[in-house]
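To keep things clear, I will list the structure first and then write my remarks on it.
Chains as they are written, first to last, in the working numbering: chain U, 25 to 126; chain H, 697 to 944.
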């Protein structure tokens, strides 16, 4: 049930912010500080999410095969690999390191 | 979903005439197909996080903004309560409001269509629409990218969820790395200047440092404060610099 509540809240919330942008008069959100905050907010959230989902299990910090997978993904990004290749490399390297028993 | 901007098509044949529809279609389909396929990763990740196939598919159908979907299932898998999990997903989705602002001027949609079009206001449709030279081609690009992505994203979500259930233990296949890899791929093009890098660095420290002490889902929200924090420091430094330049 909890999962459905979370899904419902996310669906309604995400739809309403999309609609908000199309409905409010231009200029209402055009203040420079608001714009800069809106650009930086996803940076902070994505960075925290990447770190947490790489280095934690449940509520504790761990270092496991995912770290190797994400390091490989970072290299792929530096080499300008396409999106799907970046994700694919992370998955394959994580599986490989895990198969080696780490 | 991925921050993949279609490369702007630059043509030298006879000044800047109207861009042919075929080129717009190519831009739209290219982005739509590449990113739509990554729905596999979402379907698998969501199933690995313990969501049912129905829950996974409803997310892609009704939320339809990839980063928020990944964040939500990740938070639920970590044991977060539904409200903090939804809050993290919601904050990631707020950037779509700013896309909508730019699109509403560019596309000039009739009021009656806006509630429908709103569902497709995401990274990729905005990138394709903004890359077009005229209102007509922008509308075409927005609609085609939205349609291609919506169909493929939902189809591949379903197949990914179904496949994950068949595979069983998704971690043995390294599929638990797909979620964070998607986040990293979305994040990388945003790290343009020192401001973004400082924000990311502080957010990582907050997110990992608070993880063992706060309830699941809350550390991500706390890490979001890295953004106003960096802007505040920047504002202070700028005003200090201004004062130093003015000796009185």
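Glycine residues also receive a C-beta, built at the ideal position from the N, C-alpha and C atoms.
Measuring only between beta-carbons, confirm whether residue i sits less than 9 Å from chain U.
i                      : result
residue 720 of chain H : no
residue 892 of chain H : yes
residue 872 of chain H : yes
residue 886 of chain H : yes
residue 795 of chain H : yes
residue 764 of chain H : yes
residue 782 of chain H : yes
residue 788 of chain H : yes
residue 813 of chain H : yes
residue 908 of chain H : yes
residue 754 of chain H : yes
residue 900 of chain H : yes
residue 775 of chain H : yes
residue 849 of chain H : no
residue 759 of chain H : yes
residue 828 of chain H : no
residue 904 of chain H : yes
residue 932 of chain H : no
residue 856 of chain H : no
residue 895 of chain H : yes
residue 939 of chain H : no
residue 831 of chain H : no
residue 843 of chain H : no
residue 800 of chain H : yes
residue 929 of chain H : no
residue 808 of chain H : no
Could you tell me the alpha carbon to alpha carbon distance between residue i and residue j, rounded to whole angstroms?
i                      : j                      : result
residue 76 of chain U  : residue 862 of chain H : 27 Å
residue 855 of chain H : residue 725 of chain H : 20 Å
residue 884 of chain H : residue 810 of chain H : 31 Å
residue 763 of chain H : residue 939 of chain H : 41 Å
residue 913 of chain H : residue 774 of chain H : 8 Å
residue 42 of chain U  : residue 759 of chain H : 10 Å
residue 95 of chain U  : residue 902 of chain H : 20 Å
residue 741 of chain H : residue 852 of chain H : 12 Å
residue 721 of chain H : residue 72 of chain U  : 36 Å
residue 719 of chain H : residue 911 of chain H : 50 Å
residue 49 of chain U  : residue 783 of chain H : 26 Å
residue 797 of chain H : residue 865 of chain H : 43 Å
residue 788 of chain H : residue 69 of chain U  : 7 Å
residue 860 of chain H : residue 814 of chain H : 31 Å
residue 898 of chain H : residue 109 of chain U : 28 Å
residue 806 of chain H : residue 761 of chain H : 23 Å
residue 768 of chain H : residue 785 of chain H : 5 Å
residue 831 of chain H : residue 844 of chain H : 20 Å
residue 122 of chain U : residue 93 of chain U  : 10 Å
Against chain H, with Cβ distances strictly below 9 Å, would residue i count as a contact?
i                      : result
residue 122 of chain U : yes
residue 55 of chain U  : no
residue 117 of chain U : yes
residue 41 of chain U  : yes
residue 28 of chain U  : yes
residue 48 of chain U  : yes
residue 111 of chain U : yes
residue 101 of chain U : yes
residue 87 of chain U  : no
residue 45 of chain U  : yes
residue 37 of chain U  : yes
residue 83 of chain U  : yes
residue 125 of chain U : no
Is it the case that the Cβ atoms of residue i and residue j are separated by a distance below 9 Å?
i                      : j                      : result
residue 197 of chain U : residue 97 of chain U  : For residue 197 of chain U there is no data in the structure shown, the boundaries of chain U being 25 and 126.
residue 745 of chain H : residue 770 of chain H : yes
residue 30 of chain U  : residue 907 of chain H : no
residue 817 of chain H : residue 51 of chain U  : no
residue 120 of chain U : residue 870 of chain H : yes
residue 886 of chain H : residue 91 of chain U  : no
residue 820 of chain H : residue 833 of chain H : no
residue 794 of chain H : residue 765 of chain H : no
residue 743 of chain H : residue 65 of chain U  : no
residue 873 of chain H : residue 100 of chain U : no
residue 747 of chain H : residue 86 of chain U  : no
Regarding residue i and the ligand FAD, is the C-beta to nearest heavy atom distance less than 8 Å?
i                     : result
residue 84 of chain U : This structure lacks the ligand FAD; in fact it carries no ligand of any kind.
For residue i, decide whether its Cβ has a neighbour in chain B, counting only Cβ atoms nearer than 9 Å.
i                      : result
residue 744 of chain H : Note that chain B does not occur in the displayed structure, where the protein chains are U and H.
Exercise. Counting Cβ pairs closer than 8 Å, one from the segment 921-932 of chain H and one from the segment 894-905 of chain H, do we hit at least three?
Worked result: Taking a cut-off of 8 Å on C-beta distances, the segment 921-932 of chain H touches the segment 894-905 of chain H, as three or more cross pairs fall below it.
Problem set entry | Whole alpha helix (DSSP H) elements within the segment 43-93 of chain U, 4-residue minimum | Counting only runs of 4 or more, we get 56-79.
Exercise. Looking at C-beta atoms only, is the number of pairs between the segment 802-809 of chain H and the segment 773-781 of chain H that lie closer than 8 Å three or more?
Worked result: No: fewer than three Cβ pairs fall under 8 Å.
Exercise. Counting only runs that start and end within the segment 711-751 of chain H, where is the alpha helix (DSSP H) found for 4 or more residues in a row?
Worked result: DSSP runs (the alpha helix (DSSP H)) wholly in the segment 711-751 of chain H: 717-732, 735-744.
For this session: Assess, as a yes-or-no matter, whether the segment 732-742 of chain H is touched by the segment 27-38 of chain U under the definition of 3 or more beta carbon pairs within less than 8 Å.
Result: As far as the Cβ criterion goes, the segment 27-38 of chain U does not touch the segment 732-742 of chain H, which means the pair count is below three.
Exercise. Within the chosen definition, does the segment 868-877 of chain H reach the segment 103-123 of chain U through at least 3 CB pairs nearer than 8 Å?
Worked result: Touching, per the Cβ criterion.
For this session: Tell me, please, whether the segment 749-756 of chain H touches the segment 806-824 of chain H by the rule of three or more beta-carbon pairs shorter than 8 Å.
Result: By the C-beta criterion, the segment 749-756 of chain H is judged not to be in contact with the segment 806-824 of chain H, since fewer than 3 inter-stretch pairs fall below 8 Å.
For this session: Pair every Cβ in the segment 100-108 of chain U with every Cβ in the segment 914-925 of chain H, then say whether three or more of these pairs are closer than 8 Å.
Result: By the Cβ criterion, the segment 100-108 of chain U is not in contact with the segment 914-925 of chain H, since fewer than three pairs of Cβ atoms, one from each stretch, lie closer than 8 Å.
Exercise. Using 8 Å as the threshold, is the segment 834-845 of chain H in touch with the segment 818-825 of chain H, meaning 3 or more CB pairs across them?
Worked result: The segment 834-845 of chain H, when compared against the segment 818-825 of chain H, does touch it at the 8 Å Cβ threshold.
Exercise. What runs of the alpha helix (DSSP H), each 4 residues or longer, lie entirely inside the segment 897-933 of chain H?
Worked result: Runs of the alpha helix (DSSP H) inside the segment 897-933 of chain H: 914-919.
For this session: Go through the segment 854-902 of chain H residue by residue and report every complete run of the alpha helix (DSSP H) that reaches 4 residues or more, in order.
Result: For the segment 854-902 of chain H, the full-length alpha helix (DSSP H) segments reaching 4 residues or more read 874-883 along the chain.
Problem set entry | Length-filtered (4 minimum) alpha helix (DSSP H) runs lying within the segment 743-818 of chain H | If we require 4 residues or more, the alpha helix (DSSP H) runs fully inside the segment 743-818 of chain H come out as 749-758, 762-773, 778-789, 791-803, 810-813.
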